[in-house]
Amino acid sequence: MPDSFNPPRPNGRLDGRVAIVAGAGSQSNSGLGNGRAAAILLAEAGCSVVCADFNSDWAQTTVDMITREFGEGKAVAVRMDVTKPEECKRTVELALEKFGRLDVLVNNVGIGGDDGYRGGRGWMVLMVKYAVPAMERNELPAVGSGQVERGRGAIVNMASVAGLMGGNPMLLYPTSKGAILNMTRAMAAHHAESGIRVNCVCPGMLYTPMMYSEGMSEEVREARRKGALLQTEGNGWDAGLAVRFLASDESRWITGIALTVDAGFTAAPPMDYDVNMLRKKVNEVQKQISAKKKAKENADDLVAEKKEIDTQVENLKKDAKEFEIKMRAKASTVGNIVGKNAPTSLTEDDNTLLRIWDPTGNLEEPAVREGILAHHEVLLRLDAMDLDRGAKIAGHRGYYLTGDGVDLNQALISYGLDFLRSKGYKKIQPPFFMNKDQMAKTAQLEQFDEELYKVIAAEDEKYLIATSEQPISAFHSDEWFDSPDTQLPIKYAGYSTCFRKEAGSAGRDMWGIFRVHQFEKVEQFVITDPEKSWEMFDTMLANSEEFYKSLGLRYRVVGIVSGALNLAAAQKHDLEAWFPFQRAYKELVSCSNCTDYQSRRLEIRCGLKTKDQTRKVYVHMLNGTLCATERALCCLVENYQTPEGLAIPEPLRPYMQGREFLPFVKELPKGLQKKQQ
4 MPDSFNPPRP NGRLDGRVAI VAGAGSQSNS GLGNGRAAAI LLAEAGCSVV
54 CADFNSDWAQ TTVDMITREF GEGKAVAVRM DVTKPEECKR TVELALEKFG
104 RLDVLVNNVG IGGDDGYRGG RGWMVLMVKY AVPAMERNEL PAVGSGQVER
154 GRGAIVNMAS VAGLMGGNPM LLYPTSKGAI LNMTRAMAAH HAESGIRVNC
204 VCPGMLYTPM MYSEGMSEEV REARRKGALL QTEGNGWDAG LAVRFLASDE
254 SRWITGIALT VDAGFTAAPP MDYDVNMLRK KVNEVQKQIS AKKKAKENAD
304 DLVAEKKEID TQVENLKKDA KEFEIKMRAK ASTVGNIVGK NAPTSLTEDD
354 NTLLRIWDPT GNLEEPAVRE GILAHHEVLL RLDAMDLDRG AKIAGHRGYY
404 LTGDGVDLNQ ALISYGLDFL RSKGYKKIQP PFFMNKDQMA KTAQLEQFDE
454 ELYKVIAAED EKYLIATSEQ PISAFHSDEW FDSPDTQLPI KYAGYSTCFR
504 KEAGSAGRDM WGIFRVHQFE KVEQFVITDP EKSWEMFDTM LANSEEFYKS
554 LGLRYRVVGI VSGALNLAAA QKHDLEAWFP FQRAYKELVS CSNCTDYQSR
604 RLEIRCGLKT KDQTRKVYVH MLNGTLCATE RALCCLVENY QTPEGLAIPE
654 PLRPYMQGRE FLPFVKELPK GLQKKQQ
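Count along the sequence shown from 1, add 3, and you get the number used in my numbering.
Following this line, the structure appears as structure tokens:
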């Protein structure tokens, strides 16, 4: 195999290399700022470090920390004012004199004082204050004369997330930090020929000695934590680790980038940023109040100003929360990517007929069967159902199964579960209701009002499940499968009672138990790795077909058009069985491949290995009806009725005490036909 297919693995060690860290001290002499953390972490990786700072005592403290942990001779301190080229030059000469080379330059500097926004020279003053420390290295002799080993040199500039975002109330600070970002890109292009990589670290709102020395209140500190998506506080180590990565060979193929280290602050909604800017203003006003009180001066105007800003913060927080809710609700209405084999249309008239199966082999439309009964009439004559009392107790579409009706329904449940167990499925019976936040991850929003029943308690809000797919899909939420070859697929045979409003349904389906508010269902639910989900889709549909073939029920399989898919499904096939009384095919099975649509919301992932690395991907999730038992019972009794009663399909007989036939035991109620009309 060519060497290019088996390259050496880069590592994070920096043995034998030399770094200059500008701004390596810390305002709190024993504290840990970004520069000090970077210097210590570079030394930990084997690098010799020149710790430069305008305060030589601060720089020496950093050297002492390195010496205590890693031994003598690993670091040296030097006073360096980045506004003075001669001191920058002396720092480089010290690195060459002490260690013989220079490989890494970390520009971690900032100059305090006036904000520069006074007089005509204000703009340039700020650019000098914040940008020149990163630009100054253009004059560094070790770099300019090519003394840095080609391909091993690394310059890391320190900017800020403010340079990415801008914002109020500051103007010049984010402007100058933004200049460093673009300068980093320009430097990367300029020095690539010399093998020097140039990158930038953009820290977020870290808590460093600088923040402490400015008297940051605990209130503002907590607000900064909450402003980031991870809602945790960062410190100098976080910025230092980013610097060490960009200085090492682990980033050998990276140049000209800005590495954001902010716990997701820049990914948060813009209103959160405005809130944090106001909180910074509150902190500034609070410091002024403290100074006034210390001087025993009146601070009533500042107290009133702080109170007004606090009110603005609360209003913005409320607006931001409402905006986030609306944004997430809107995003949740975006459906899955439609599968390439799904027919494209907005009308179900364009559903594609894939195949027909008939136990006799006849693929033409079946002949008319004279004198047969509708399914509910068969069940009434068997004394297997009571609709009137069901409606009285539970309202429209309420029903009781009685006698043999219960046995037939249980037979379908038991046969369905045993059938799937023989296919390697694990039985699972889930809860019948779900918390609202969990239901929102697996059901689309319009289902909440149109389909789902709400259960309200004093302390929370729950929904009755419309299918076992919903709670089963959440069964592995927030889990990770590190060995998908052995852990996947996971195949569940779900059994549950299901509850649906079935709003808007009409016609003949309103009679009997074909379309009801409460029913039992045996469901296939499979979790698989993405590369095998379409193969599993075909397998699941084949299982359903085999099940109905075993019951001897004529059916057809149709591909559902894109416009009729729910949000989660990439592709769906329905199995529709023949109802001889209505002379129509009606849906008994829906089989859907939801790909990674549900798993992304539920955070269910696996690791797929490709050559020598592992990719983190979301699993694919598929669901398919095996048997909605009340509906399947409707089809079964219409097809297996005789003038004397009901023949029991052979696969169900072991679950019916071995009986082969159920005789009619009563006549239809008087006036039923008129009532139906």
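Glycine included, every Cβ here is placed at the ideal spot set by N, Cα and C.
The model shown is predicted, which means the values in this text are computed figures rather than measured ones.
Secondary structure of residue i, DSSP reduced to three states
i      : result
Leu404 : strand
Leu44  : helix
Val381 : helix
Ile431 : strand
Asp532 : coil
Gln63  : helix
Ser163 : coil
Met315 : First, the residue type needs correcting, since residue 315 is Gln and not Met in the sequence shown. Residue state, collapsed to three classes: helix.
Tyr558 : strand
Glu579 : strand
Thr355 : strand
Ser480 : coil
Ile396 : helix
Gly267 : coil
Ala573 : coil
Gln521 : strand
Lys552 : helix
Ala2   : Residue 2 is absent from the model: the chain starts at 4 and stops at 680.
Residue i: first and last residue of the uninterrupted alpha helix (DSSP H) it sits in
i      : result
Met681 : Since the first residue shown for the chain is 4 and the last is 680, residue 681 is missing from the structure and cannot be characterised.
Asp106 : Careful: Asp106 lies outside any alpha helix (DSSP H) and carries neither H nor E.
Val246 : 239–250
Met442 : 439–442
Ala370 : Neither: Ala370 is in no alpha helix (DSSP H) and is coded neither H nor E.
Asp488 : 487–490
Ser602 : 600–605
Run of the beta strand (DSSP E) containing residue i, from where it starts to where it stops
i      : result
Met2   : Residue 2 falls outside the range modelled here, since the chain spans only 4 to 680, and no answer is possible.
Asn202 : 199–206
Ile23  : 21–25
Leu629 : 623–631
Phe664 : 664–666
Leu591 : 587–596
Lys465 : 464–467
Ile493 : 493–502
Ala98  : First-last for Ala98: 88–102, but that is the alpha helix (DSSP H), not the beta strand (DSSP E).
Val52  : 51–56
Euclidean distance between Cα positions of residue i and residue j
i      : j      : result
Ala580 : Gly364 : 15 Å
Thr336 : Leu570 : 7 Å
Ile23  : Thr269 : 29 Å
Pro10  : Ala157 : 21 Å
Thr178 : Val201 : 20 Å
Asp252 : Gly427 : 48 Å
Leu554 : Pro654 : 7 Å
Ala145 : Ala231 : Low local confidence applies: a pLDDT of 40 at Ala145 is under 50, so the model's placement there is unreliable, with the coordinate-based value given in what follows. Approximately 40 Å between the Cα atoms of the pair.
Glu368 : Ser602 : 42 Å
Phe502 : Thr263 : 48 Å
Arg140 : Val109 : Because Arg140 sits at a pLDDT of 42, beneath the cut-off of 50, its placement in the model cannot be relied upon, and the following sentence gives the value as read from the coordinates. Distance between the alpha carbons of Arg140 and Val109: 10 Å.
Ile396 : Gln490 : 47 Å
Pro433 : Trp256 : 49 Å
Gln447 : Asn160 : 46 Å
Ser59  : Ser29  : 11 Å
6 Å Cβ shell around residue i - same chain, five flanking residues per side excluded
i      : result
His378 : Gly515, Cys637, Val640, Glu641
Asn596 : Ser536, Phe540, Ala573, Gln574, Leu625
Gly34  : Pro212
Pro487 : Asp532, Cys609
Lys439 : Glu464
Val622 : Ile530, Ser602, Ile607, Cys609
Asp118 : At Asp118, the pLDDT of 42 sits below 50, so the modelled position is not reliable; the number obtained from the coordinates is stated separately. Contacts found: none.
Cβ neighbours of residue i in the same chain (closer than 8 Å, five flanking residues each side left out)
i      : result
Val288 : Leu305, Glu308, Lys309, Ile312
Asn412 : Leu404, Glu523, Thr632, Glu633, Leu636
Pro346 : Asp353, Asn354, Thr355, Gly562, Ile563, Val564, Ser565
Arg93  : Val81, Met83
Cutoff 7 Å; reference residue i; Cβ partners in own chain excluding five residues on either side
i      : result
Ala567 : Glu351
Val66  : Cys54, Ala78, Val79, Ala80
Val112 : Ala25, Gly26, Val85, Pro136
Ala40  : Gly239, Trp240, Ala242, Gly243
Any non-hydrogen atom of the ligand NAD within 6 Å of residue i CB
i      : result
Tyr495 : Inclusion of the ligand NAD in the displayed structure is not the case, the ligand content being empty and no account of it being possible.
Would you be able to state if there are at least three C-beta pairs under 8 Å between the stretch 188–204 and the stretch 14–23?
no
Is it true that the stretch 44–52 meets the stretch 245–259, where meeting means three or more beta-carbon pairs spaced less than 8 Å apart?
yes
Between the stretch 421–438 and the stretch 481–497, do three or more beta carbon pairs fall short of 8 Å?
yes
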